[in-house]
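The sequence shown begins at 8 in our numbering and counts up by one.
We treat Cβ as the ideally placed atom computed from N, Cα and C, and that holds for glycine.
Written out below as structure tokens is the structure these notes cover.
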Amino acid sequence: MGSERRERMRVLGARIRALRTDAGLTGAALAQRAGVGQPTVSKVENGRMVPSLDVLDRLSRALGLDEAAANEVRELLAAVEAVVEVGSGSEGDVSAGPVVDEAVRGARLVRSFQCVVLPAMLQSAEYARHVFLTSPDLDAEMVGRAVAARVERQGLLYEPGRESVFVLTEAVLRTWPGTPSLMLAQLDRLLAVESLDTVRIGVIPWRRPVPVLPRHGFTLCDRQSVVVEAFPSERLSTEADDLVRYEEMFGRFEGAAVFGGEARDLLMRMMGEFRELEATVTR
């Protein structure tokens with residue numbers, strides 16, 4: 008990260024910290040009011056993370072800023088974003104995606120529907136590496152850091168008191184990068200994660216019609232926000248209409264999926280197919 012961008016991030020963070028102090032709030036209190044994780048507030052104030060415009064606006068509302076002050080911090084954010092650097096803002100940058108990361112990190116109930124790529128929380132390291140390799144702006148070191156960060160974040164699946172529900176189309180499991188061996192390891196990971204008390208994995212078999220044609224993946228975080236995974240980046244919404252719409256959609260996809268023993272049987276059958284494919288590929 009260039010020195011100019013770091014300096015602008017530091018200025019933005021210092022201003023938000025000063026406004027928080029003036030409001031008589033702790034970092035934890037501001038995070039709770041804004042509906043973001045406390046680490047988000049800390050990273051932003053210390054110039055270690057660039058907040059999305061949505062997160063910045065939530066912080067501004069939580070601080071009770073008037074129009075002039077809200078516009079001031081928006082302009083500071085625009086100044087940060089005006090500094091263009093290789094890899095900034097791309098999926099593979101380990102600092103990218105703060106909205107979805109913090110939304111998932113702070114949620115106790117996460118429900119995710121995917122129709123193209125496996126959810127980040129379920130990806131094996133090698134699968135994730137192929138995801139990040141699709142970004143043309145990343146070198147090998149950046150890909151390695153991004154994969155390590157993604158794998159580390161998956162520890163959330165094991166935390167007691169959390170619930171994660173994933174619904175995938177069978178097409179997700181049949182859209183594979185790399186080699187059949189990669190997918191065998193990936194399917195094995197899905198079976199291991201599915202056994203957790205905190206996780207439910209459902210698959211919509213290709214033999215079943217989908218209740219509605221999916222256009223993109225999305226993730227519901229508690230009942231407070233939804234991350235819509237549209238190209239080229241994620242969009243977080245806290246609008247009531249969006250939440251109602253995506254809650255209803257998730258319920259329909261969930262109702263079409265198989266869970267438990269049926270899902271495990273499907274995964275095992277697919278592993279058998281990939282073993283057969285592996286034998287033909289490696290001859």
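Residue i: CB within 8 Å of a non-hydrogen atom of the ligand HEM
i: T182; result: Among the components of this structure there are no ligands whatsoever, and the ligand HEM is therefore not found.
Proximity below 9 Å, CB of residue i to CB of residue j
i: L37; j: C122; result: no
i: E261; j: V206; result: no
i: L125; j: L180; result: yes
i: G151; j: V43; result: no
i: A264; j: A270; result: yes
i: V62; j: T47; result: yes
i: R160; j: V111; result: yes
i: Q193; j: E133; result: yes
i: G54; j: L19; result: yes
i: L164; j: L203; result: yes
i: G168; j: R242; result: no
i: L227; j: F257; result: yes
i: D64; j: A85; result: no
i: L191; j: E74; result: no
i: M278; j: D195; result: yes
i: Q45; j: A35; result: yes
i: F225; j: S119; result: yes
Exposure of residue i, with buried meaning 16 or more beta-carbon neighbours within 10 Å
i: M275; result: exposed
i: G209; result: buried
i: V288; result: exposed
i: G99; result: Because G99 carries a pLDDT of 34, less than 50, the predicted location of this residue cannot be relied on, and no value is offered for it.
i: Y253; result: buried
i: A135; result: buried
i: V51; result: buried
i: V251; result: exposed
i: W5; result: This structure cannot speak to residue 5, because the chain is shown only from 8 to 290.
i: P187; result: buried
i: V91; result: Confidence at V91 is low in this model, with a pLDDT of 43, below 50, so the placement of that residue should be treated as unreliable; the coordinate-derived value is given next. Flag for V91 reads exposed.
i: A89; result: exposed
i: A153; result: buried
i: R15; result: buried
Integer Cβ distance of residue i from residue j, believed to fall under 8 Å
i: L70; j: R27; result: 6 Å
i: V80; j: S67; result: 6 Å
i: V117; j: Q130; result: Wrong, their Cβ atoms sit about 15 Å apart, outside the cutoff.
i: H223; j: V234; result: Rounded, the Cβ-Cβ distance is 11 Å, inconsistent with contact.
i: E177; j: I211; result: 6 Å
i: R259; j: P216; result: Contact doesn't hold; Cβ gap of about 12 Å is too wide.
Residues that DSSP places opposite residue i in a beta bridge
i: E170; result: L116
i: F294; result: Any answer about residue 294 is impossible in this case: the structure gives the chain only from 8 up to 290.
i: L243; result: V234
i: G209; result: V174
i: V265; result: V210
Return the chain-ordered ranges of every alpha helix (DSSP H) run that is complete within the region 131–163 and spans a minimum of 4 residues. Taking only runs of at least 4 residues, the alpha helix (DSSP H) segments lying wholly in the region 131–163 are 132–140, 147–160.
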